[in-house]
Structure formats: C-alpha cells, structure tokens
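Participant: Got a structure for you, written out below as structure tokens; questions coming shortly.
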Amino acid sequence: MSARPTARPGGHKPPFWRDRAKRALIFQVLVVAAVAVFLLYIVSNTQDNLAARGITTGFGFLDNTAGFGIVQSLVDYSSQSTYGRTFFVGLLNTLLVGGLGVLAATLIGFIVGIARLSPNWLIAKLAAAYIETFRNIPLLLQIFFWYFAVLRTLPGARESMALGDVIFLNVRGLYLPKPLFESGFGLIPAAFLVAIVASIALIVWNKRRHEATGKRLPAYWLSLLLLIGLPLLVLLATGVPITWDVPALGGFNFRGGVTVIPEFLALWLALSIYTASFIAEIVRSGIQAISHGQTEAAQALSLPRNLILRLVVVPQAMRVIIPPLTSQYLNLIKNSSLATAIGYPDLVSVFAGTTLNQTGQAIEVIAMTMAVYLTISLTVSLFMNWFNARVALVER
39 MSARPTARPG
49 GHKPPFWRDR
59 AKRALIFQVL
69 VVAAVAVFLL
79 YIVSNTQDNL
89 AARGITTGFG
99 FLDNTAGFGI
109 VQSLVDYSSQ
119 STYGRTFFVG
129 LLNTLLVGGL
139 GVLAATLIGF
149 IVGIARLSPN
159 WLIAKLAAAY
169 IETFRNIPLL
179 LQIFFWYFAV
189 LRTLPGARES
199 MALGDVIFLN
209 VRGLYLPKPL
219 FESGFGLIPA
229 AFLVAIVASI
239 ALIVWNKRRH
249 EATGKRLPAY
259 WLSLLLLIGL
269 PLLVLLATGV
279 PITWDVPALG
289 GFNFRGGVTV
299 IPEFLALWLA
309 LSIYTASFIA
319 EIVRSGIQAI
329 SHGQTEAAQA
339 LSLPRNLILR
349 LVVVPQAMRV
359 IIPPLTSQYL
369 NLIKNSSLAT
379 AIGYPDLVSV
389 FAGTTLNQTG
399 QAIEVIAMTM
409 AVYLTISLTV
419 SLFMNWFNAR
429 VALVER
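Take 39 as the starting number for the sequence shown in the numbering used here and just add one per residue.
Shown next as structure tokens:
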C-alpha cells in the first residue's frame, strides 16, 4: 500500500504537513539552510576578527622568504627559500617517513602475525610478547624511547660505531655512502622497468597456463631472478657507472655521504614497530578466519607447509586482512604528525609550526595541512579499496 495519504471524501486533498514526502523535503531544506547560515556566520565573523587585527588573508605569503633552515630536505633548500618551498620540503619528509613506515610495518606485521601461529612454542610466545608489549605502550612514549633513551645515548662523532669504515652511527645520525651516478646509468632504471613489465607478463601467463593445463612454473622465483639479473647485467655491460662518496670524519663531524638524522630514525622505528603489532593481530585473525578444512584439503594433496600458506591460506585470508589493514596504514600516516615532538621536519613541524608562527596565516596554513592529509588518506583508501576488489571472491 502507498504511504501517501488519500484524498478526503469530497475530493479535498489533505494539508501538505500531513504528506510524508513533502514534510521530509521541507525538513531537509531547513537543515541545509541552517548549515549554510551557520557557515556564513563563521566566515563573516572570521573576516571581521582578521580585519580588526590587521591580518591579511590569501596565499601570497608563500612567495615570501622563509628565513630559517631545515635539517633534512630531499630537495634543494636554504634559508633564502620561500615558504612555498618549506611546504614542499615538509610534504616530502612526511611522505618519506609514511611510505617507509608502511613498508616496514607491513613486513614486520606479516612475519610476526604468521609467527604467532607457529607450532614452535618459543616462536609463538615471542611473537605474542612482541604484540602485547608494543601495542599497549603509547606511540608517543615509544618515539621518546627511541629518540632519548637509544639514539641520544650513542657516542659522539669521534667515537662513532663503524661498519667497514663506510657506515657510521653516532649521536648525530647514521652516515651512509652516497652513490654518484655517471654517464650511462640511465640504462639501469630502464632495464629495471623492463624487468618489472616482463615479470608481470610472466606471472599472468603462468597463471593462465596453470588454469588451462594444470602445469606451472616457479614464476615468482623467475621474476625475482629477472628483477635482479637484468639490471645487474646492464650494470656490468655499462662498466658500473657508479662511484661512491664515502663519509669521512672532518673536524667534529662527518663530511660527505648521506646523513640520516636521528629524529627520522626514531620516528620511523616507533611508527613501524607500533603499527606492526596491530598488523600482526590482523594477519593472525585473517588466517584463523579461513576454514581448517582448506588446510586439511591441501595437506591431503601432499603440499608442503610453505605452499599451503602461500597458495591456499594467505590468498583467502587477504580478503579478511585488507579492510582493517587499510585503517592501520591511515593511522600510521596520520600518526607521523607526532614528529613535531622530537623535531623531525615533517609537514606539521615546518609548515603548520614554524611557518605558521612566523607568518600568522593560520587559516591558510592549517587548511593546506589538512588538505594534504585528507588527500593522502583518500588516495591510500582508494588504492586499498581497488586492491580489495581485485582479491575479492567473484560469483560465478
């Protein structure tokens, strides 16, 4: 039966306030109007307050000289660079620690999560101890631990811990050799891209061949050999067009090479280890969500344990793992904003911190910072949703 009230006897329509559809439309219009009025009031009030304090609005400040240095920059930067450059430097530093943190946390989390289910009592208990320890300690305390209790207690530059006289670790950071690329090096990245395309084609062809004939090749091992071997052959054929700038002690500090500052190391270690403890539990629960009959069926075919895990259990568990895994990735990226507590020059520290204090452009700076984190989070979510759709079960 229709929910719309019928006309009264005599052909008169009921009043509109008794019509559900009209009432719902009126309420929605009123809510939208109330929100619009509230936003207009906020904007007007903000403009009046800014005008009263003599604060100009707009993004013209991005072209002004910053006047301060940044300890780590992936692009050329100096104190004479603009505030727009500081935004770019902070963004790249945020992406660096977030991207490396996601990779490390995923690797550690999957290893620990699988180890948690190991039949070996000692391995399973060590994995459980790792999870229960690191996920129950606040992340900020873990950042402080790695920075103040570990890295800040390292020896000075003259007493550095050395590995083969090419890698040095001291209180000022980790010093690594810096590669210097010579003519002809561009062929090596090109060879690596060719190897990636060839590996993907090999895996796809092997999968189709297996579905059609039941025969399969060790495509993953062949792909790994291709990814390593082809660039290596090109490297040797071009005469190894790479030299190394090895750090050397000069005065009170090292010169040359690549410097990894302790703030980055502390933040990266804390984010990776903390997030990995949650990922490990997600992996464990995903594996345990798979029916034990799947494992027994694979064992009945005399498949070894590593193939059962790689070909039967993990592919099915990924459908359970990916949705909560996405949340952990987003948490790691957003938690990187805690870098300001130890002075790592991420976006929040150098742009929403120093730049905001110097310019006073609070609205613009905070809006740009929020937009960056929103864009990164939405991009990660879209990619993970796409990947989740790729591995989802398809009805036949």
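Yeah, the Cβ is synthetic: ideal placement off N, Cα and C, and Gly gets one too.
Keep in mind it's a predicted model, so treat the numbers as computed, not measured.
1. Should residue 434 be labelled buried (16 or more other beta-carbon atoms within 10 Å of its own) or exposed?
2. Determine, using beta carbons only, whether residue 177 and residue 373 come nearer to each other than 8 Å.
3. What residues match up with residue 297 in a beta bridge as DSSP calls it?
4. Just verifying my parser: in three-state terms, what is the DSSP assignment at residue 99?
5. What three-state label does DSSP hand residue 94 in the structure shown?
6. How many angstroms separate the CA atom of residue 363 from the CA atom of residue 295?
7. In whole angstroms, give me the CA-to-CA distance for residue 123 and residue 100.
8. Tell me which residues share the same chain as residue 425 and place their Cβ nearer than 7 Å to its Cβ, disregarding the 5 neighbours each side in the sequence.
9. Going by Cα to Cα distance, which pick from 334, 348, 325, 391 is closest to residue 154?
10. From the DSSP secondary-structure annotation, give me the bridge partner or partners of residue 280.
11. Who are residue 83's beta bridge partners in DSSP?
12. Return the chain-ordered ranges of every beta strand (DSSP E) run that is complete within the stretch 111–195 and spans a minimum of 3 residues.
13. Residue 320 to residue 167, Cα distance in whole Å?
14. Using a threshold of 8 Å, state whether the C-beta atoms of residue 297 and residue 211 are closer than that.
15. Out of curiosity, what's the CA-to-CA distance linking residue 417 and residue 367?
16. Does DSSP put residue 425 in a helix, in a strand, or in coil?
17. Give the straight-line distance between the Cα atoms of residue 353 and residue 267, rounded to the nearest whole angstrom.
18. State the Cα-Cα distance for the pair residue 96 and residue 393, rounded to the nearest angstrom.
19. In three-state terms, what does DSSP make of residue 380?
20. What does a CB cutoff of less than 6 Å around residue 185 pick up in its chain, not counting 5 residues either side in sequence?
21. When DSSP builds the beta bridges, which residues end up paired with residue 398?
22. Buried or exposed for residue 403, please, with buried defined as at least 16 other CB atoms from any protein chain shown within 10 angstroms of its CB.
23. Apply the 10 Å Cβ neighbour rule to residue 125 and answer buried if 16 or more other Cβ atoms are within range, or exposed otherwise.
24. What three-state label does DSSP hand residue 328 in the structure shown?
25. Just to confirm the assignment, what range does the beta strand (DSSP E) spanning residue 200 have?
26. Please report how far the alpha carbon of residue 262 lies from the alpha carbon of residue 357, in whole angstroms.
27. Please tell me whether residue 236 and residue 264 are closer than 8 Å, where the distance is taken between their beta carbons.
28. According to DSSP, what are the bridge partners of residue 208?
29. Check residue 39 in the structure and name its three-state DSSP category.
30. Compare the Cα-Cα distances from residue 150 to each of 331, 60, 313, 385 and report the closest residue.
31. Measure the Cβ-Cβ separation of residue 284 and residue 215 and say whether it is below 8 Å.
32. Specify whether the stretch 269–278 and the stretch 333–344 touch according to this definition: at least 3 beta carbon pairs, one from each stretch, less than 8 Å apart.
33. Sort 204, 73, 301 by Cα distance to residue 217 and report the nearest one.
34. Return helix, strand or coil for residue 68, following the three-state DSSP convention.
35. Determine whether the beta carbon atoms of residue 355 and residue 328 lie at a separation below 8 Å.
36. Would you kindly work out how many angstroms separate the C-alpha atoms of residue 138 and residue 315, rounded to a whole number?
Facilitator: Quick answer:
1. With a pLDDT of 48 at residue 434, under the threshold of 50, the predicted position of this residue should be treated as unreliable, though the coordinate-derived value follows. Residue 434 should be labelled exposed.
2. yes
3. 213
4. helix
5. coil
6. 36 Å
7. 8 Å
8. 360
9. 325
10. 219
11. DSSP output for residue 83 lists no bridge partner at all.
12. none
13. 16 Å
14. yes
15. 11 Å
16. helix
17. 28 Å
18. 15 Å
19. coil
20. 304, 380
21. Beta-bridge pairing links residue 398 to no other residue.
22. buried
23. buried
24. coil
25. 199–201
26. 25 Å
27. yes
28. 211
29. Caution applies to residue 39, whose pLDDT of 46 falls short of 50 and renders its modelled position unreliable; the value that the coordinates give is listed next. Reduced to three states, the DSSP call for residue 39 is coil.
30. 313
31. yes
32. no
33. 204
34. helix
35. yes
36. 16 Å
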